[in-house]
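So the structure is just underneath, and the comments pick up after that.
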Amino acid sequence: MDVVNEKQKHVENFLREAFSNITDQYGQKLSIAPALPNLVQVTLNYESPLAKRFRFLGEGARAMAIRWIISSMFPEANLETLTEHNRKCQDPGRISKSIFGQMQFKRSLGIPTHSNLFDAYIGVLYHFFGMPAVRGFIEPGVKEIFSNPTTVKALTPGFKPVPNQDPKSQIREVLVLTGGNIQIDIQGAENSMWQATVICQLVQSGTIFSHSRIGPSKQKASTAACYDILEYLHNHVDIRTQLMIPNCDTSQVHRLNIPESEWCKVVDNVKTIIDSKVVLDNHPNKANWVHLPATDDQEETIRQLQLLLLGNGNPTNEIQPTRTGHFDTSIFSRPQQ
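According to the working numbering, the residues represented by the sequence shown are 1341 to 1677, in order.
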């Protein structure tokens, strides 16, 4: 027996044992024999046309099987909770790492493990045995995700705006969990106002969307835009689910269609002036003072000081990057839809 045939035989024996516990919808063990030749082929040449076809089939079968498993694991959960659970299972590499680790795949075969091979296996199983076999194959990996204490703690990233928390910080925390990206474009607007455009992806390679608000300061405009996004995605689970889908067209920025009736109110910049202390009232140079209205907005205070000291110059456009992970800045030059 030559080296090639010997390796193929070794792979065949390993896979026969590794897939020996695959069951049908009734829990009965299936004979892996009909699928074994194809499993061996995709293992030894996972970039072949055959492997790619099975991978294409496997991607869809994996997505459906995950939803089936989650629905069974959480029978009392509402749609929003199920959607969040499903999102946590969208990384095939995470599930495949668990499955291949249990199989001791790399140690036994010396072949690199990766999600492409994982999806190809799923495609083969679906082709020969249907969805129950796929479920039986990936279920241990899915359940491991929900048994991980770190995962359980962070299962539901909070889209609902939290009182007394900066919406910009909150949306960044959400994107840390989802692996998404954000950038904020700040530009001067009419009447000494500012326009903030938040450009965001909830997941890597997901749909890029934007939302703009105008306010009396950069901070208030960007805060309002982030608040609107959080509130809208919290209230519209169907839209959020769509934006959580990876591998979408990222060549365009799509305007998030938030009705103005759902926009939050931008608080006016001028507040009641706080009385000065007595010692300031008696200051000898008080007649020469210029008073700036009290505000909790540091950026607005700086702007007023600049106007006072430098005059009323034309404001320059500013891009304010606020990133979680990598984001393609070239999207700013593309037309929005």
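Glycine included, each C-beta is placed from N, C-alpha and C at the ideal position.
Give the DSSP-derived three-state secondary structure of SER1412 in the structure shown. In the structure shown, the three-state DSSP call for SER1412 is helix.
- Between ALA1358 and the rest of its own chain, which residues show a CB-CB distance below 8 Å, the 5 nearest in sequence each way excluded? By the criterion of a C-beta distance shorter than 8 Å, ALA1358 is surrounded in its chain by MET1443 and PHE1445, once the five residues flanking it on both sides are discounted.
message: Rounded to the nearest angstrom, what separates GLU1424 and GLN1430 at their Cα positions?
response: Rounded to whole angstroms, GLU1424 to GLN1430 spans 10 Å at the Cα level.
Within this structure, are the beta carbons of VAL1382 and TYR1461 separated by less than 8 Å? A contact, by the Cβ cut-off of 8 Å.
Exercise for review: Flag this pair as yes or no: are the beta carbons of PRO1480 and GLU1571 separated by less than 8 Å?
Suggested key: Contact: no.
Original post:
Is VAL1593 closer than 8 Å to ILE1554 when the C-beta atoms are compared?
Top reply: Against a cut-off of 8 Å, the Cβ pair of VAL1593 and ILE1554 comes out as no contact.
Strand pairing of PHE1354, partner residues [DSSP]
The partner list for PHE1354 (beta bridge, DSSP) is empty, contrary to what the question assumes.
Problem - For LEU1457 and ILE1451, the rounded distance between their alpha carbons - result: A straight-line Cα-Cα distance of about 10 Å links ILE1451 and LEU1457.
Should GLN1694 go down as buried or exposed, given a rule of 16 or more other Cβ atoms within 10 Å for buried?
This structure cannot speak to residue 1694, because the chain is shown only from 1341 to 1677.
Report the partner residues of CYS1540 according to the DSSP bridge assignment. The secondary-structure analysis by DSSP pairs CYS1540 across a beta bridge with ILE1522 and PHE1549.
Q. Is there contact between the stretch 1571-1589 and the stretch 1414-1424, where contact requires at least three CB pairs shorter than 8 Å?
A. The count of Cβ pairs closer than 8 Å, one atom from the stretch 1571-1589 and one from the stretch 1414-1424, reaches three, so the stretches are in contact.
At the level of alpha carbons, what is the spacing between THR1537 and ILE1511?
Between THR1537 and ILE1511, the C-alpha separation is close to 14 Å.
Own chain residues within Cβ distance below 6 Å of LYS1369, not counting five before or after:
Only THR1363 meet the Cβ criterion.
Q. In chain order, what residues of the same chain have a beta carbon less than 7 Å from the beta carbon of VAL1464, not counting five sequence neighbours either side?
A. Within the same chain, and ignoring the five residues on either side of VAL1464 in sequence, the residues whose Cβ sits closer than 7 Å to its Cβ are ALA1375, ASN1378, LEU1379, VAL1382 and PHE1394.
CA nearest to the CA of ILE1435, picked from GLY1398, MET1471, LYS1483 and ASN1361:
Of the candidates GLY1398, MET1471, LYS1483 and ASN1361, the one whose C-alpha sits nearest the C-alpha of ILE1435 is LYS1483.
First and last residue of the uninterrupted alpha helix (DSSP H) at VAL1502: Segment: none, VAL1502 is in no alpha helix (DSSP H) and carries neither H nor E.
Check: From what residue to what residue does the alpha helix (DSSP H) around VAL1382 run?
Finding: Going by DSSP, VAL1382 is part of the alpha helix (DSSP H) stretching over 1376-1384.
ask   = In chain order, what residues of the same chain lie with their CB nearer than 7 Å to the CB of CYS1566, ignoring the 5 residues before and after it?
value = Within the same chain, and ignoring the five residues on either side of CYS1566 in sequence, the residues whose Cβ sits closer than 7 Å to its Cβ are PRO1507, LYS1508, ILE1511 and VAL1538.
With a threshold of 7 Å, establish whether the CB of LEU1570 neighbours any heavy atom of the ligand SAH. As far as ligands go, the structure on display features none, and thus does not contain the ligand SAH.
| Measuring CA to CA, which of GLN1544, GLU1600 and TRP1603 is closest to ASP1589? | Per the C-alpha coordinates, the member of GLN1544, GLU1600 and TRP1603 positioned closest to ASP1589 is GLN1544.
Quiz item: Can you tell me where the beta strand (DSSP E) with VAL1482 in it begins and where it stops?
Solution: It is not in any beta strand (DSSP E) - VAL1482 instead sits in the alpha helix (DSSP H) that spans 1471-1487.
Practice item. Identify, in the order they occur along the chain, each residue of the same chain with its Cβ nearer than 7 Å to the Cβ of PRO1432, setting aside the five sequence neighbours on each side. Key: Cβ within range, chain order: ARG1402, SER1455, PHE1458 and ASP1459.
With DSSP as the reference, identify every bridge partner of ARG1595, one or two as the case may be.
Answer by DSSP bridge pairing, in chain order: SER1550.
Identify the residues that DSSP records as bridge partners of LYS1369: which are they?
-> According to DSSP, LYS1369 shares a beta bridge with THR1363.
Worksheet item: Mapping DSSP to helix, strand and coil, what is GLN1582?
Response: Residue state, collapsed to three classes: helix.
As assigned by DSSP and simplified to three states, the class of GLY1528:
Three-state DSSP puts GLY1528 in a strand.
Can you round the beta-carbon distance between ILE1678 and LYS1558 to whole angstroms, since I take them to be within the 8 Å contact cut?
Given a span of 1341 to 1677 for the chain in the structure shown, any question on residue 1678 remains unanswerable.
Q | Where MET1584 falls, given that 16 or more other Cβ within 10 Å makes a residue buried | A | By the neighbour-count rule (16 or more Cβ atoms within 10 Å), MET1584 is buried.
Name the two residues that bound the continuous alpha helix (DSSP H) containing CYS1588. Neither: CYS1588 is in no alpha helix (DSSP H) and is coded neither H nor E.
Check: Just the Cα atoms here: how many angstroms apart are LEU1495 and ASN1531?
Finding: Low per-residue confidence applies at LEU1495: pLDDT is 44, beneath 50, and the placement is therefore not dependable, though the value from the model is reported in the following sentence. Rounded to the nearest angstrom, the two C-alpha atoms are 44 Å apart.
Exercise. Mind checking LYS1349: buried by the 16 CB within 10 Å criterion, or exposed?
Worked result: Classification for LYS1349: exposed.
- SER1411 versus ARG1475: straight-line alpha-carbon distance, rounded: Taken atom to atom, the span from the alpha-carbon of SER1411 to that of ARG1475 is near 12 Å.
Which of helix, strand or coil DSSP assigns to GLN1510: Per DSSP, reduced to three states, the secondary structure at GLN1510 is helical.
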